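Peer 1:
2 protein chains.
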Amino acid sequence: MPIITENITREKKTETDFQSPEVWTKVTGKAVYGNDFKLPGMLYGKILRSPHPHARIKKINLGSVEAMPGVYASLTGAELPERPYGIVFDDELPLAAELVRYIGDEVAAVAAVDNETASKAVEAINVDYEMLPAVFSPREALKPDAPQLHEKFKDNLAWERNLLRGDSDKAFREADVIVENTFTIPSVHSTYLEPTVCVAADDPYNGLIIHTAVQSPDAVRVIIAKALELPLSKVRIVGPVMGGGFGGRVYGNLKLYMIASLLAIKTGRPVKMQLTREEEFLVGRPMIAAEMHLKMGFKNDGTILAREADIVTDNGAYSAQAPWVSKTLSERNDSVYHIPNIKTRVRLAYTNKVPTGQYRAYGNQAANFATESLLDMGAVKLGIDPLKLRLKNCVKTGDTTVHGLKIKSCALAECLKAAAEEIGWYDRKKGYGYGISAAIHASGSLVFDKNFRGAAALARLELDGRISIFSGEQDYGQGAHATFTLIASRVLGISPEMITVYSRDTLSSPHSIGALGNRQTTIGGKAVQMAAKRLRELIVLTAADMLEDPVVMEKGTLRSASDRIVELPLVAYHYHSLTCGLSLIGEGRYVPEPSEYDETGYGNIAVTYSFAAHGAVVEVDKTTGAITVHKIVAAHDSGKIINQISAIGQVFGGTTQGLGMSCYEGYLFNKGEVANASLADYRIPTSLDVPDITPIFIENEDPEGPYGAKGLGEIVQIPVLGAVANAVADAAGVRVTDLPITAEKVYQALSGWECE
Amino acid sequence: MPIITENITREKKTETDFQSPEVWTKVTGKAVYGNDFKLPGMLYGKILRSPHPHARIKKINLGSVEAMPGVYASLTGAELPERPYGIVFDDELPLAAELVRYIGDEVAAVAAVDNETASKAVEAINVDYEMLPAVFSPREALKPDAPQLHEKFKDNLAWERNLLRGDSDKAFREADVIVENTFTIPSVHSTYLEPTVCVAADDPYNGLIIHTAVQSPDAVRVIIAKALELPLSKVRIVGPVMGGGFGGRVYGNLKLYMIASLLAIKTGRPVKMQLTREEEFLVGRPMIAAEMHLKMGFKNDGTILAREADIVTDNGAYSAQAPWVSKTLSERNDSVYHIPNIKTRVRLAYTNKVPTGQYRAYGNQAANFATESLLDMGAVKLGIDPLKLRLKNCVKTGDTTVHGLKIKSCALAECLKAAAEEIGWYDRKKGYGYGISAAIHASGSLVFDKNFRGAAALARLELDGRISIFSGEQDYGQGAHATFTLIASRVLGISPEMITVYSRDTLSSPHSIGALGNRQTTIGGKAVQMAAKRLRELIVLTAADMLEDPVVMEKGTLRSASDRIVELPLVAYHYHSLTCGLSLIGEGRYVPEPSEYDETGYGNIAVTYSFAAHGAVVEVDKTTGAITVHKIVAAHDSGKIINQISAIGQVFGGTTQGLGMSCYEGYLFNKGEVANASLADYRIPTSLDVPDITPIFIENEDPEGPYGAKGLGEIVQIPVLGAVANAVADAAGVRVTDLPITAEKVYQALSGWECE
């Protein structure tokens, strides 16, 4: 397996370095983002939000709002059909009808000539509320006498899962060593740079067009068409350039899109709506908070026997993807090591707080923090080196894990060794703490839609010999366009500069589940590979027809047995003339093997799996508790790396975000009110906080992914949390089990308020 | 043959009435036209034009123009490669390099923050000219000692054609009656409502995108990519709604697009440019002016023996489509009647005036005026009723005309009779003048590109069971979208409301020659018909696969032999799941029989031919010469009418424009300067000038067109001119041979300055 080790300073481009020319538009400020977008006659919409965590709307007094100069329309839930929608459960409405369930809940909206007028109009709306008791802690919420949020969900239990593999009771009885602890992680926001914005326009010819950048436009389209009772093909999503998403914007902001659409339909004019940063914190569906009580049992030789987990996750007021995220959080991590016996209970509770969702690694990063912390606690108790403990138990190629995941390729042991070596695991410097952690993540998840597992792509030969790729997958800053370009370039044997990827218009792209579940490279890229392959075949056939002789294609030139040649533009023109206007199009349809899982969820749920091990080196000031993270080594088995510069970018970004979750970030609530709803108060790592990050790629070819590649975008964030937590514990001699690990918490632990 | 006679007042919709929902967006002011379109950071461009008809640029003093606040860039020909471009000849540059050749010639351009600043900057540019002698009359221009416009074109002869069929010298010797006369027609502008506007934007990812409404975006794209040396697929034309074109905007305004593009590339910002109405008159390529000397010979029984023509057309300073228009003007009209012997000389001369182009009927309307006037003069001399003379000589189904046109369907005689009857030809009211005239026009011209005669279309089944049609043909107000919708609706047996036609983006539509040569219904519609047919087959096959039984499709429902049914959305989802994201797409490729014509141009040059006869009833005040046109009857053989309301609209509009050319319109020049470059001075008919217009459709099914349809859009304008000219001559007793036929000219003729 070739190993690529990269340092932050790169002096020359490698062969697989490629950035889509789109990057140029971004760094020069020429890219057109959603907020740059204007339509003639466009209005601006603003939303009135609930100031109360739980209340009944007695009356909305619009007063003379609609008569205010510049105001075009107001909108309240009362005028809309009560047709709930949602991602997993249909538990929300575009605007509150009777109840508000958190501070920020959408109550009314206004469209006006400009943002100022709209804001003033919204402020002029007066709402009579009847206060209701509220509940903020998920454990409290699950109690029978807690205030109820949704009639349909008794005891505020949004979702529950009890999972049993093997016989954990027996295993724990047989265990030599048992460790257990409770770990907590707060809600964290993916803080994409660009606040969500959309422009909705509606007319009888085009139907409803929503101009917005979102990770999964097709999924958004389906939900909105259903919720607003519009024909699906009369809802079109057109995407400007996207200012980040990190999984937090798979569905963008459905409520914003719907309110803008309803205002556009009502006024007959386009309506632009943009969230403020504060609103982003309220309604941007941050990752679920979780309280995880874990217990692990070992044999004296370090063999892991069992794990038990009692997990409660905080749904907030509405569900979004929280059930799916809770599921991943509760189980994915069980497949990093051989754990034959598992007993897990996970409950998702409604609370009168910000509704939650997901962020990059779909809860797996939270689980990593808990499990990898507990593993180190086990290693201490067992007196076994934490690296050796991990190497003893970690999964390998050919394994089927406890939940049925089929491991077709795995270099996890190599990742652990490489990360350990690079941080100097066996050559430690005095005064520093060392931590290590491992992760698995689905690459190309197959569980989002039973009838739709794969992806399709089209590769079109243009009249100038260039290639256009149409894909439903989305480039939201992660570099999918560049990766697809490189894949097509390899298949066709032509320069990446000759290829353009288009993906941001639901009218012209194949449908797709979108940018989630690590689908882009593994599934989307595979479809692109197949489309390019089919196009290559069609080009060769057409050229053979032209030259009346079999041909071979090399570097964009078609050569016949008798050495006659024809170039791509002529092939394109030939077909174009024959068909009077059509182009050669290769269709790629990647339909993966179905994932067969039983009612307990046992089965193979992804095309393949990525692995990683991170190592961290930290220093802790024992007087103040202050933590300095010096180095993070990120060793990854994401199969063959398609686009090295982009892969390195993913590692730098994801590791930094993981560091944010480890040491900096988290929602603070005060009776349901977000106390740090601004980027001044909600602290994310700045450039000065970023340590030396060393990416290592173990290029272990995957049999399924395109050119042996697997996903990387999500897993980069996962093992940081465990590695940093373990390194801090190693340096401080005490362990913090409540994220983020701040100086205060370390200080408190050092002061004896909490210790291992 | 069913005959539809329609009056201007229609009380109820007929079965074939359908307007695209796009019409709704227009009448409610919600349609987004080019000038509504804005991009962030957009600049505004203005052009400095030559004030001289012919001069050498000694020096362009930009002075401190680029330093003016708000000015981003200036552009002159000196900084551009001298790479001439053109439609027929490459005889122009985006900006003048050394010479200016007419008042209005583009000399320099500026991009600034707004139109005002750009205009001021342009005014601040100082140009030193050396005056050169100019020539304004085409006949003068052809003389050897005339000032020369282009080195490559000796004696200012842009193009010449000498055509001989049969033996006209012999025929004239044998003729019993000979008439001859000279007819003139000035340049006329198609005065589309919307002045030409474009927004050009360029970046390394998207390439050059020109947002502009144009009849033939693909043709524009090819010319611009070549002229600016850009890869073809890196030039994209995206069309907003178009405010008319009438053939005058087949290529839009190439120079405007190029200058905007060059300024966008130079500044790195989007640049909007819009012509003023005055500029439209200068650079909007009005139809060529022509002087036609015609001679016709008859036998005493009215049989036409021969026609001789000496025609000089006025090209202005640059060529555009003028050679092609001159060709059509000089010959198409020979095929209305059997004329066995033809001798034609046509010369196109460069002059120091506004460059010309085309308008709706491609010169055939000018020829109609001349030939049909001369025919009536022949009838008088022969003592034969003009209607009978026409009926005796007119072509019929199965004929091959003197130039080789193969007449597959023809109801010209029926049109003549219907028009005559409807105006009361044999039941004349005293004091009124009656005129009649006939026309042929190509329907689906095949001569624009030897390698590209037909059209392609795609019909896609959407997930909601609706159908999307993608076509490269353009709806620029003529109703192509509605016609295509009706065709697809008939093929698929579903309501037109379930169908949407998309055509305005070169990225997602098949390539096409565009909206010219009466291609839209006959060729583009045929491709749509074939695409819908193929989609229907695919739907039936897919449904049969689902129901495991053969199925039939009726009204959008698929029914198996065993009476199980499945609806279109389910068929769409089935295919969508099977392919993971693709849709059922029917490809339609209409590749007409090649037109085989020899080097003299003899051959069949169109898919089929449309016919028409118009009748006019006028009154002339013999004291003042004032003309009142009371009624025009427009009898058309355009085969089966696909969309009746749209067909009626074409007749009303085209007839009114023909009336404009007959009695109102024409450029006035004063030493090369346009004396009436405004809609105040250039008089087009207003609603008060429009007479009673009665459309009659002789529904003679064509064997080739879709559902038997033929083109209508251009021919509607043609026979008006001859009919009105003949009616005025009939009423006044004198004939005006110089268009427009104004009261002054009639008065002059009545005063004896000119008479028959």
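One line per chain: the protein sequences are A and B, in this order.
Note that our numbering gives residue 609 to position 609 of the first sequence, counting from 1, and the numbers run on in steps of one.
Position in the second sequence counted from 1, then plus 756, gives you our numbering.
Beta carbons: idealized from backbone N, C-alpha and C, even for Gly.
Please read all numbers here as calculations on a predicted model, not as lab measurements.
Write down every uninterrupted run of the beta strand (DSSP E) in the segment 454-484 of chain A whose length is 3 residues or greater and which is fully enclosed by it, in chain order.
Peer 2: Listed in chain order, the complete beta strand (DSSP E) runs (minimum 3 residues) inside the segment 454-484 of chain A are 455-461, 467-471.
Peer 1: Any C-beta of chain B sitting closer than 8 Å to the C-beta of T25/A?
Peer 2: At least one chain B Cβ lies under 8 Å of T25/A.
Peer 1: Across the segment 1059-1071 of chain B and the segment 884-901 of chain B, are there enough close Cβ pairs to call them in contact, namely three or more that are closer than 8 Å?
Peer 2: Yes, they touch.
Peer 1: Can the beta-carbon of L1263/B be found less than 8 Å from the beta-carbon of S508/A?
Peer 2: Yes, these two residues count as a Cβ contact at 8 Å.
Peer 1: Using the C-alpha atoms, what's the distance from E1036/B back to K1427/B?
Peer 2: Taking the straight line from one Cα to the other gives about 19 Å.
Peer 1: Here's a check: name, in chain order, each residue in its chain whose Cβ is nearer than 8 Å to the Cβ of H1237/B, leaving out the five neighbours to either side.
Peer 2: So the qualifying residues of the chain are S776, E778, D1231, V1257, S1259.
Peer 1: Would you call the segment 622-637 of chain A and the segment 450-470 of chain A in contact, with 3 or more CB pairs under 8 Å?
Peer 2: Cβ pair count under 8 Å is below three, so no.
Peer 1: Look up C198/A in the DSSP assignment and give the residues it is bridged to.
Peer 2: According to DSSP, which records beta bridges pairwise, C198/A is partnered with M273/A.
Peer 1: Among residues of its own chain, excluding the 5 on either side of S787/A, which ones have a beta-carbon nearer than 7 Å to its beta-carbon?
Peer 2: Chain A is shown only over 1 to 756; residue 787/A falls outside these bounds and no answer can be derived.
Peer 1: CA-CA distance, E835/B and S1086/B?
Peer 2: Answer to the nearest angstrom: the Cα atoms are 41 Å apart.
Peer 1: List, in chain order, every chain B residue whose beta-carbon is nearer than 7 Å to that of P232/A.
Peer 2: Reading the sequence as shown, one finds Leu at residue 232/A and not Pro. The contacting residues are E1218, L1219, D1220.
Peer 1: Can you tell me whether DSSP reads I8/A as helix, strand or coil?
Peer 2: Below a pLDDT of 50, predicted positions are generally treated as unreliable, and I8/A, at 45, falls in that range; no measurement from the model is reported.
Peer 1: Contact criterion: CB-CB distance below 8 Å. Does G1228/B meet it with respect to chain E?
Peer 2: Judged by its chain identifiers, the structure shown contains no chain E, and its protein chains are A and B.
Peer 1: Is the segment 198-211 of chain A touching the segment 230-242 of chain A, taking contact as three or more C-beta pairs under 8 Å?
Peer 2: Enough Cβ pairs lie closer than 8 Å, so yes.
Peer 1: I'd like the ranges of any beta strand (DSSP E) spanning at least 3 consecutive residues and lying wholly in the segment 970-999 of chain B.
Peer 2: Counting whole runs of 3 or more residues, the segment 970-999 of chain B contains the beta strand (DSSP E) stretches 991-994.
Peer 1: With three or more C-beta pairs closer than 8 Å as the rule, is the segment 1355-1369 of chain B touching the segment 1461-1475 of chain B?
Peer 2: With the cut-off at 8 Å, the segment 1461-1475 of chain B and the segment 1355-1369 of chain B touch.
Peer 1: Taking 8 Å as the threshold (beta carbon to beta carbon), is F1240/B in contact with chain A?
Peer 2: For F1240/B, the answer is no, since every Cβ of chain A falls outside 8 Å of its Cβ.
Peer 1: Please return the same chain residues whose Cβ sits closer than 6 Å to the Cβ of A787/B, not counting the five positions on each side in sequence.
Peer 2: Within the same chain, A787/B has close Cβ partners T781, V997.
Peer 1: Entirely within the segment 577-665 of chain A and at least 3 residues each: give me those beta strand (DSSP E) ranges in chain order.
Peer 2: Within the segment 577-665 of chain A, the complete beta strand (DSSP E) runs of at least 3 residues are 585-590, 606-620, 627-637.
Peer 1: Flag this pair as yes or no: are the beta carbons of L516/A and V88/A separated by less than 8 Å?
Peer 2: No, the Cβ-Cβ distance between L516/A and V88/A is not below 8 Å.
Peer 1: Just how far apart, CA to CA, sit G752/A and A731/A?
Peer 2: About 16 Å.
Peer 1: At 4 residues or longer, and completely inside the segment 1269-1308 of chain B: list those alpha helix (DSSP H) runs for me, N to C.
Peer 2: Counting whole runs of 4 or more residues, the segment 1269-1308 of chain B contains the alpha helix (DSSP H) stretches 1281-1303.
Peer 1: What residue from M824/B, L831/B, T1107/B, E854/B has the CA that sits closest to R812/B's CA?
Peer 2: Of the candidates M824/B, L831/B, T1107/B, E854/B, the one whose C-alpha sits nearest the C-alpha of R812/B is E854/B.
Peer 1: Specify, as a first and last residue, the run of the alpha helix (DSSP H) that W1080/B falls within.
Peer 2: It spans 1078-1087 - the alpha helix (DSSP H) in which W1080/B sits, taken as one unbroken run.
Peer 1: When the distance is taken between beta carbons, is S319/A closer than 8 Å to G86/A?
Peer 2: Yes.
Peer 1: According to DSSP, is Y575/A part of a helix, a strand, or is it coil?
Peer 2: The answer is helix: DSSP assigns Y575/A an H, G or I state.
Peer 1: Would DSSP call M292/A helix, strand or coil?
Peer 2: Reduced to three states, the DSSP call for M292/A is strand.
Peer 1: The ligand MG heavy atoms versus the CB of K786/B: any closer than 7 Å?
Peer 2: Of the ligands one can find in the structure shown there are none, so the ligand MG has no counterpart to examine.
Peer 1: I need the boundaries of the beta strand (DSSP E) containing S560/A, first residue and last residue.
Peer 2: Looking at the DSSP string, the run of the beta strand (DSSP E) that includes S560/A is 557-560.
Peer 1: Start and end of the beta strand (DSSP E) containing T1023/B?
Peer 2: No beta strand (DSSP E) holds T1023/B; the alpha helix (DSSP H) holding it covers 1010-1023.
Peer 1: CB-CB under 6 Å to I764/B, same chain, minus the five flanking residues each way: which ones, in chain order?
Peer 2: In this predicted model, I764/B has a pLDDT of only 44, less than 50, meaning its place in the structure is not dependable enough to derive any value.
Peer 1: Taking any Cβ of chain A, which residues in the segment 1326-1355 of chain B have a Cβ under 7 Å from it, in chain order?
Peer 2: Answer set for the segment 1326-1355 of chain B: H1332, S1333, T1335, C1336, G1337, L1338, E1343, R1345, Y1346, V1347.
Peer 1: Determine the extent of the alpha helix (DSSP H) in which N300/A is found, giving its start and end residues.
Peer 2: No alpha helix (DSSP H) holds N300/A; DSSP gives it neither H nor E.
Peer 1: If you run the structure through DSSP and keep just helix, strand and coil, what is L1242/B?
Peer 2: Helix.
Peer 1: Using the Cα positions of I632/A and A749/A, report the straight-line distance between them to the nearest angstrom.
Peer 2: So the two alpha carbons sit approximately 24 Å from each other.
Peer 1: Using the Cα positions of L256/A and C198/A, report the straight-line distance between them to the nearest angstrom.
Peer 2: Roughly 8 Å separates the two Cα atoms.
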